[in-house]
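**Student:** Counting along the sequence shown from 1, when you hit position 93 you're at 93 in full-length UniProt numbering, and nothing is skipped either side. Every residue, glycine too, gets a C-beta built ideally from N, C-alpha and C.
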Amino acid sequence: MVRGWRNRGHRQADRIGAFPEVPAAVGAAQVGPHTGLYLGSTIAPSWQDRVAVGDYGDRASAEMSLHPEGILIDRSGANPIWIPRSSVTAIRTERGIAGKVMTADGVLVIRWVLPSGTEIDSGVRADDKGVYPQWIREDPRSHPPTPSPGTEPPPDGPPAAADATTTTDTEEDGHP
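So this is what it looks like as structure tokens:
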């Protein structure tokens with residue numbers, strides 16, 4: 001079994017690549033810290049294709065917090081996991097992850113993109129599931145993207161008048 005786990009890690013190494021390093025300084029926590037159990041990470045969209053690279057597949061008690069720069073999953077006895085905010089693609093609850101099945105909405109799952117481009121899901125079972133709504137409100141899918149300066153959408157209203165050089169369907173038929 002140990003050999004199979006190691007072989008899985010070797011097969012995944014190129015696809016997974018290196019996990020982001022925790023920055024030297026991060027802003028104050030906006031959500032959390034909340035305690036729980038880190039259940040593991042899986043290659044999205046499979047909830048069972050567990051990441052075996054390094055110690056990132058190891059379950060561990062953890063404290064998770066959301067900062068302006070990203071999400072920190074600080075695991076006891078294992079490497080911390082830093083998820084840059086720009087890498088997060090979804091935050092949701094699920095019934096299970098990494099072979100661990102719970103009750104409905106028992107696991108908080110963060111889907112994010114590694115620097116290698118691989119999308120993974122990282123799951124935490126919080127000690128207090130009452131904190132999940134605070135995290136789900138931070139789901140980037142629930143916030144419309146802010147337009148960049150100079151790329152404002154056109155105002156609502158009637159379409160602009162047709163250019164005098166364009167033809168209408170009736171003119172193309174030869175009828176005015």
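1) Identify the residues that DSSP records as bridge partners of P84: which are they?
2) Please state whether the Cβ-Cβ distance between A110 and G130 is less than 9 Å.
3) Quick one: what does DSSP say R59 is sitting in, helix, strand or coil?
4) Of the residues I120, A90, W82, which one's Cα is nearest the Cα of A22?
5) Where do the N-terminal and C-terminal ends of the beta strand (DSSP E) with W112 fall, by residue?
6) Any idea what DSSP makes of R141, helix, strand or coil?
7) Beta carbon of R111: closer than 8 Å to some heavy atom of the ligand HEM?
**Tutor:** Taking the coordinates as given:
1) As a working note, residue 84 is residue 84 in the sequence shown. Residue pairing for P84: DSSP places it in a beta bridge opposite G70.
2) Taking the sequence shown and counting its residues from 1, the one referred to as residue 110 is at position 110. Taking the sequence shown and counting its residues from 1, the one referred to as residue 130 is at position 130. Note that residue 110 corresponds to Ile in the displayed sequence, not to Ala. Using a Cβ distance threshold of 9 Å, I110 and G130 do not count as a contacting pair.
3) As a position in the sequence shown, residue 59 is number 59, starting the count at 1. DSSP places R59 in the coil class of the three-state scheme, outside both helix and strand.
4) The residue given as residue 22 occupies position 22 in the sequence shown. With the sequence shown as reference, residue 22 is identified as Val, and Ala is not the correct amino acid for it. Residue W82 is the option with its Cα nearest to V22.
5) For the purposes of this step, residue 112 is taken as residue 112 along the sequence shown, with counting starting at 1. In the DSSP annotation of this structure, the continuous segment of the beta strand (DSSP E) that includes W112 starts and ends at 107-113.
6) Locating residue 141 in the sequence shown gives position 141, counting from the first residue. DSSP places R141 within a helical segment (H, G or I) once states are collapsed to three.
7) Of ligands this structure carries none, so the ligand HEM is not represented either.
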